[in-house]
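Colleague: Take this structure first; my questions come after.
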Amino acid sequence: MMLVPRRNDFDLFDDFDSFFESNNKVMKTDIKEHDDHYELIVDLPGFDKENINISMENGYLTIQAKTNAHKDDEEKGVYVRRERYSGEFSRSFYVGEDVSEDDIKAQFKNGVLNVTLPKEDKEKVETKRYIDIDD
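So this is what it looks like as structure tokens:
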């Protein structure tokens, strides 16, 4: 008995698009704007909290996650198809250089990462800064 239908007209590129579609499903992110902060809602199903890192550098918030969905390779049997994600993934968002790590809060629950960060202070943004001109 065969679980995968065999096709006589097999074309290598038939599944080419499905490769990119499956990678686009990783780290789907929604961004919500509130009165005083933004909220990033990142889907990370199958990831462990210990394998998720959030960092700030030069105004960019970067979320990195890694998983090894293929850790059960030593079990008996041959896979016919694999669709679970395995590897390292990251996304970066420019949040401004006035946001510090201390202002950012994160929570991971049920495969969803919620990151809360404050909006820039409008008074700081609207204040003009003049640059001295030397003689």
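The sequence shown begins at -1 in my numbering and counts up one residue at a time.
Quick reminder that beta carbons are idealized off the backbone N, C-alpha and C, glycines included.
Pull up the DSSP beta-bridge partners for M54, would you.
Modeller: In DSSP, M54 forms a bridge with L59.
Colleague: Given this structure, state the Cα-to-Cα distance separating E37 from E86, to the nearest angstrom.
Modeller: Approximately 23 angstroms, taken between the alpha carbons.
Colleague: How many angstroms separate the CA atom of Y94 from the CA atom of N56?
Modeller: Contrary to the premise, residue 94 reads as Gly rather than Tyr in this sequence. In a straight line, the C-alpha of G94 is about 8 angstroms away from that of N56.
Colleague: Classify V110 as buried or exposed, calling it buried when 16 or more other Cβ atoms lie within 10 Å of its own Cβ.
Modeller: So V110 ends up on the exposed side.
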